[in-house]
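Undergrad: I'd like to ask some things about the structure below.
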Amino acid sequence: MTERIHCFGCGVAIQTENKEELGYAPASSLEKETVICQRCFRLKHYNEVQDVSLTDDDFLKILNEIGRSDSLIVKIVDIFDFNGSWLPGLHRFTGKNKVLLIGNKVDLLPKSVNKQKVINWMKKEAKDLGLRPADVFLVSAQKGQSIKEVLEAIEYHREGKDVYVVGCTNVGKSTFINSVLKEVSGEENIITTSHFPGTTLDIIEIPLSDGKALVDTPGIINHHQMAHFVDKRDLKVITPKKEIKSRVFQLNEGQTLFFGGLARFDFTSGDRHSFVCYFSNELDIHRTKTENADALYEKHAGEMLTPPKRDEMEHFPKLIKHEFTIKEPKTDIVFSGLGWITVNEPNIKVSVYVPQGVHAMIRKSLI
Ligand code: GDP
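Structure (structure tokens):
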């Protein structure tokens with residue numbers, strides 16, 4: 033029987049196959065006397081945390097543990113993909129613990145947007161989804177925007193308790209923690225890692241002034257996010273990096289928009305309407321007649337309608353149609369993880385096509 037090698041830093045079992053997963057270390061490092069996983073390596077040498085993916089099972093264990101603790105929970109969502117990054121069911125685990133809700137990546141929203149309105153919108157959505165946060169913030173972890181404010185709120189609400197930071201992958205949790213680190217420490221090596229009870233997962237702890245800790249929990253993968261259906265190159269196109277410039281289309285009934293080859297929108301019935309599109313500036317939007325749309329997709333998906341690229345089309349899921357009747361003014365039609373279309377006037381019917389497995393929904397407009 034071969035003995036498993038464990039990381040000297042966090043104790044996780046070392047593996048050399050998958051860089052994205054827990055316990056990865058390059059094969060060459062196994063010859064060293066003490067082996068350390070990539071995550072601990074980065075932490076030790078760059079004071080930088082790295083996200084790892086974990087199974088749903090481990091994630092449930094973590095939530096259970098947090099529910100049993102007496103702590104403050106900081107939940108991070110991606111404001112560009114609010115519903116897709118929500119972590120459904122968290123409220124069932126929080127117990128009596130207070131939750132601070134943080135919408136990250138506010139730098140992506142158009143500058144003209146009223147932040148307080150977005151915060152109010154988040155409060156309302158959270159309530160509808162079953163969570164009543166003690167407070168709500170909009171931050172940019174990347175730009176360091178409003179991080180100080182959040183830290184003050186954490187200090188105020190934690191009432192001398194530990195703090196758990198939770199969020200699904202890609203919401204910017206690592207960037208947030210790194211930004212907090214910059215804010216709270218000049219010193220090195222203030223972070224420690226330890227095992228999460230009941231799992232093989234290591235957690236990262238940042239000590240707080242009173243002996244308590246701010247704990248970075250691993251992020252869960254949300255399988256309904258568009259990110260899981262495209263490859264890394266395409267992810268660059270669909271992930272907005274700067275302020276989103278809205279693109280407005282005046283459409284007649286019977287007109288269609290394609291978002292690359294990733295999604296499609298049909299205006300099925302209603303008077304001429306204005307559709308305000310919030311998608312990554314790099315994603316091409318192509319207008320056509322609905323009657324030609326199927327043939328156009330058949331012929332040009334992977335080329336004119338891209339991403340995905342031609343060579344990925346074979347593995348790309350089929351686009352599935354979802355029909356909606358817009359009954360309320362100021363409604364968003366959401367393509368989970370890709371963007372949304374705002375419709376100001378009601379009484380129309382539309383169809384949304386997204387890859388099988390990706391969510392589409394309508395909501396009260398965010399902006
Ligand atoms: P994690 O998986 O939740 O730890 O997320 P990361 O911290 O690795 O960030 C995921 C992606 O979002 C990366 O491409 C980051 O550069 C980006 N990101 C993180 N924070 C922000 C932010 O405040 N604004 C923007 N525009 N992007 C961000």
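Be aware that the sequence shown starts at 33, since it is given in our numbering, and climbs by one per residue. The beta carbon of each residue, even a glycine, is placed where N, CA and C say it ideally should be. As the structure is a computational prediction, the values presented were derived from the model and not from experiment.
Look at the alpha carbon of Gly-369 and the alpha carbon of Thr-300, and state the distance between them as a whole number of angstroms.
TA: 23 Å
Undergrad: Considering just the uninterrupted stretch of the beta strand (DSSP E) at Glu-157, what are its terminal residues?
TA: Per DSSP, Glu-157 is not a residue of any beta strand (DSSP E); the alpha helix (DSSP H) it occupies stretches across 147–160.
Undergrad: Taking the straight line between their C-alpha atoms, what separation do you get for Glu-65 and Ala-59?
TA: 13 Å
Undergrad: Could you check which residue in Ile-252, Val-216, Ser-306, Leu-289 has the C-alpha nearest to that of Glu-53?
TA: Ile-252
Undergrad: Could you tell me the distance, in whole angstroms, from the CA atom of Tyr-188 to the CA atom of Lys-130?
TA: 11 Å
Undergrad: Which residues mark the beginning and the end of the beta strand (DSSP E) in which Arg-319 is found?
TA: 317–321
Undergrad: DSSP has Lys-180 in a bridge; who is on the other side?
TA: None; Lys-180 has no bridge partner.
Undergrad: Nearest to Ile-317 by CA position, among Ser-306, Arg-304, Leu-289, Glu-335, is which residue?
TA: When the alpha-carbon of Ile-317 is set against those of Ser-306, Arg-304, Leu-289, Glu-335, the nearest one is in Leu-289.
Undergrad: When burial is assigned at 16 or more other CB atoms within 10 Å of the CB, is Asp-242 buried or exposed?
TA: Asp-242 is classed as exposed because its beta carbon has fewer than 16 other beta carbons within 10 Å across all chains shown.
Undergrad: For Ile-252, which beta-bridge partners are listed by DSSP?
TA: Cys-200
Undergrad: Nearest to Lys-321 by alpha carbon, out of Val-44, Leu-283, His-391, Ala-333?
TA: When only C-alpha atoms are compared, the closest one is Leu-283.
Undergrad: Indicate whether the contact test is met: 3 or more Cβ pairs, each with one atom in the region 336–344 and one in the region 373–383, closer than 8 Å.
TA: no
Undergrad: In the DSSP output, what is Met-393 paired with across the bridge?
TA: According to DSSP, which records beta bridges pairwise, Met-393 is partnered with Val-366.
Undergrad: Would you tell me roughly how many angstroms separate the C-alpha atoms of Lys-244 and Lys-193, rounded to the nearest one?
TA: Between the alpha carbons of Lys-244 and Lys-193 lies a gap of roughly 6 Å.
Undergrad: Measure how close the beta-carbons of Phe-307 and Ile-358 come, nearest whole angstrom, since I'm counting them as under 8 Å.
TA: That pair is no contact at about 11 Å.
Undergrad: Going along the chain, which unbroken runs of the alpha helix (DSSP H) with 4 or more residues stay wholly within the region 242–321?
TA: 264–270
Undergrad: Would a C-beta distance cut-off of 8 Å place Leu-337 and Gly-292 closer than the cut-off?
TA: yes
Undergrad: Report whether the distance from the Cβ of Lys-175 to the nearest heavy atom of the ligand GDP is below 7 Å.
TA: yes
Undergrad: Just to check my reading of the structure: Ala-173 and Ser-211 have Cβ atoms closer than 8 Å, yes? What is that Cβ distance to the nearest angstrom?
TA: Yes, Ala-173 and Ser-211 are in contact; Cβ-Cβ is about 5 Å, under 8 Å.
Undergrad: Do you know how far the Cα of Val-390 is from the Cα of Lys-205?
TA: 22 Å
Undergrad: Give the DSSP-derived three-state secondary structure of Ile-134 in the structure shown.
TA: In the structure shown, the three-state DSSP call for Ile-134 is strand.
Undergrad: Would you call Gly-404 buried or exposed, if buried means 16 or more other Cβ atoms sit within 10 Å of its Cβ?
TA: Shown here, the chain extends from 33 to 399; a query on residue 404 therefore has no answer.
Undergrad: Quick one: grab the DSSP three-state call for Leu-163.
TA: coil
Undergrad: Check the C-beta distance from Phe-356 over to Ala-295 and give it rounded, since I have them as a contact under 8 Å.
TA: With a contact defined as Cβ atoms closer than 8 Å, Phe-356 and Ala-295 miss out at about 14 Å.
Undergrad: Only counting the same chain, and skipping five residues up and downstream in sequence, which positions put a Cβ closer than 8 Å to that of Ala-158?
TA: Leu-133, Arg-164, Pro-165, Val-168
Undergrad: Here's the rule: buried if 16 or more other CB atoms are within 10 angstroms of the residue's CB, otherwise exposed. What is Gly-176?
TA: exposed
Undergrad: With distances taken between CB atoms, is the gap from Ile-276 to Met-258 smaller than 8 Å?
TA: no
Undergrad: Any heavy atom of the ligand GDP closer than 7 Å to the Cβ of Gly-251?
TA: yes
Undergrad: Residues in its own chain within less than 6 Å of Arg-304 by CB, not counting five upstream and five downstream?
TA: Asn-284
Undergrad: Can you tell me whether Gln-388 is buried or exposed, with buried defined as 16 or more other CB within 10 angstroms of its CB?
TA: With fewer than 16 neighbouring CB atoms inside 10 Å of its own CB, Gln-388 falls in the exposed class.
Undergrad: Closer than 7 Å: is that where the CB of Ser-312 sits relative to any heavy atom of the ligand GDP?
TA: no
Undergrad: Tell me the DSSP secondary structure of Ile-68 in three-state form.
TA: coil
Undergrad: Counting along the chain, where does the beta strand (DSSP E) carrying Thr-207 start and finish?
TA: From DSSP, Thr-207 is part of no beta strand (DSSP E) but of the alpha helix (DSSP H) over 205–216.
Undergrad: So does Asn-20 have its beta carbon nearer than 7 Å to some heavy atom of the ligand GDP?
TA: Outside the modelled stretch of the chain, which goes from 33 to 399, sits residue 20, for which no answer is possible.
Undergrad: Please tell me whether, using a cut-off of 7 Å, the distance from the CB of Lys-273 to the nearest non-hydrogen atom of the ligand GDP is below it.
TA: yes
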